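Trainee:
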Amino acid sequence: MHKSGFVTIIGNPNAGKSTLMNALLGEELSITSPKAQTTREKVLGILNGADYQIVFSDTPGILNPHYKLQESMLKSIENSVDEADVFILITDVGEDFKNPSIIERVQKTGTPIILLINKIDTVTQEEAMQKISYWQEKLPLAEVIPISALYKFQTQRVLDAILARLPEGPAYYPKDELSDRNLRFFAAETIRKHILLQYKQEIPYSVQVEVEDYKEMPKLDRIGAVIYVEKDSQKGILIGKGGAALKRVGTDARKEFEQFIGKKVFLDLRVKVLKNWRNDDRLLQRFGYDVSKRKPGQDANPDKLAAEAQAALKEMEGLVDGREE
């Protein structure tokens, strides 16, 4: 008997969704950082066993959107609800869910729910028991498991709970695949991770990374990437005096990505300005975010959208600077 299915992970920003998926996969697939809203796009992580395949969907954190980019992030969560065979709702031990409507929608599907109380290592046993009782009362049909995703505490129990609820079926992906994403995506995410780690305030949230060129060679991969920001002032901060700050991002990202792919990397980083890109439908579509607002029966013209996005890029791009090897 072979089991397979999609497991959607939903929770607040910084609740530990990506850390959990990485722990279950045994691979650093989704980027993590101390900052909220690290995950912007849904990432599939595939865990294969002899008699099962679990396709995890790591979604952006639940939020109240203030930008069109955040609207797209929320839409990614909502779309994932329809795909799930099992839901994992993960909550920080000190928080409740910020958007109860998502939880209500999950409950209405009738799909099995596993509620994880994360960061259980940060509270007393009495506080932990109170939180477990709270969620058992709130979600009586869910299995409630206290965990520490960071320290992999109870992750095997989580895996067992998933397998117990997974339907029978063939594998959806080849058994040697780890994700549905390509190397360009992971290169861009690795760069963005080190921007999140190095910069404060608004800079990390104003950044979009695009890999324009990726050449795979036997001994060394050559990657050319552009970091887009919204303001000239942000560009200056990102690059730093004499390009030192950007060079540090490039060095750290290159080293981590070399470990990920198992060979040397030449990384060329440039910085450009795209004003207000987080609120521009054309640019968001250009970067792969779902900005559709179609009514049933209405089809978007992808060629037109792509042309508009390219025109916007040419119109709004700023000056180029910075290189890392």
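324 is the number that numbering that gives the first Met the number 0 gives the last residue of the sequence shown; the numbers go up by one with no jumps. Virtual Cβ for every residue (Gly too), placed ideally from N, Cα, C. The structure presented is a predicted model; accordingly, all values stated were derived computationally and were not measured.
Rounded to the nearest angstrom, how far is the Cβ of residue 256 from that of residue 209, given a contact under 8 Å?
Mentor: 15 Å between Cβ atoms; not a contact.
Trainee: In this structure, does DSSP put residue 100 in helix, strand or coil?
Mentor: If DSSP states are grouped into helix, strand and coil, residue 100 belongs with the helices.
Trainee: When the Cα atoms are used, what is the spatial distance from residue 21 to residue 48?
Mentor: Spanning the two alpha carbons is a distance of roughly 16 Å.
Trainee: Can you check the stretch 117-148 for any beta strand (DSSP E) of at least 3 residues that lies completely inside it and give the ranges in chain order?
Mentor: As far as the stretch 117-148 is concerned, its whole beta strand (DSSP E) runs of at least 3 residues are 142-145.
Trainee: Do residue 10 and residue 88 count as a contact pair if the criterion is CB distance below 9 Å?
Mentor: Taking 9 Å as the Cβ cut-off, residue 88 and residue 10 qualify as a contacting pair.
Trainee: From this set, 263, 228, 135, 290, which residue's C-alpha is nearest residue 272's C-alpha?
Mentor: Closest option to residue 272, Cα to Cα, is 228.
Trainee: Look up residue 286 in the DSSP assignment and say whether it is helix, strand or coil.
Mentor: The answer is coil: DSSP assigns residue 286 none of H, G, I, E or B.
Trainee: Please name the residue, chosen from 214, 236, 150, that lies closest to residue 199 on a Cα-to-Cα basis.
Mentor: Minimum Cα distance to residue 199 is reached at 236.
Trainee: With burial defined as no fewer than 16 other Cβ atoms inside 10 Å of the residue's Cβ, what is the status of residue 193: buried or exposed?
Mentor: With 16 or more Cβ atoms within 10 Å of its Cβ, residue 193 is classed as buried.
Trainee: Flag this pair as yes or no: are the beta carbons of residue 6 and residue 56 separated by less than 9 Å?
Mentor: It is a contact, given that the beta carbons lie within the stated cut-off.
Trainee: So what does residue 47 bridge to, in DSSP terms?
Mentor: DSSP lists 52 as partners of residue 47.
Trainee: Let's see if you can read the secondary structure: which residues bound the alpha helix (DSSP H) around residue 157?
Mentor: That run of the alpha helix (DSSP H) goes 154-164.
Trainee: With DSSP as the reference, identify every bridge partner of residue 224, one or two as the case may be.
Mentor: Bridge partners of residue 224: 210, 268.
Trainee: What residues in its chain sit with their C-beta under 8 Å from that of residue 19, if we drop five residues either side in the sequence?
Mentor: For residue 19, where only same-chain residues beyond five positions count, the Cβ hits under 8 Å are 8, 87, 89, 115, 117, 146, 148, 154, 157.
Trainee: Please name the residue or residues paired with residue 327 in a DSSP beta bridge.
Mentor: The shown model of the chain, from 0 to 324, leaves out residue 327, and the question about it has no answer.
Trainee: Whose C-beta lies closer than 6 Å to the C-beta of residue 303 among residues of the same chain, with five residues either side of it excluded?
Mentor: Residue confidence is low: residue 303 scores 45 on pLDDT, short of 50, so the model does not pin down where it sits. Its coordinate-derived value is still stated next. Within the same chain, residue 303 has no close Cβ partners at all.
Trainee: Whose C-beta lies closer than 8 Å to the C-beta of residue 14 among residues of the same chain, with five residues either side of it excluded?
Mentor: 60, 89, 90, 91, 94, 117, listed in sequence order.
Trainee: Determine the closest residue to residue 225 out of 265, 231, 269, with distance taken between C-alpha atoms.
Mentor: Looking at the Cα atoms, 269 is the closest of the given residues.
Trainee: Run through DSSP, which three-state label would residue 235 get?
Mentor: It is helical.
Trainee: Give a yes or no on whether the C-beta atoms belonging to residue 30 and residue 191 are separated by under 9 Å.
Mentor: Closer than 9 Å, so yes.
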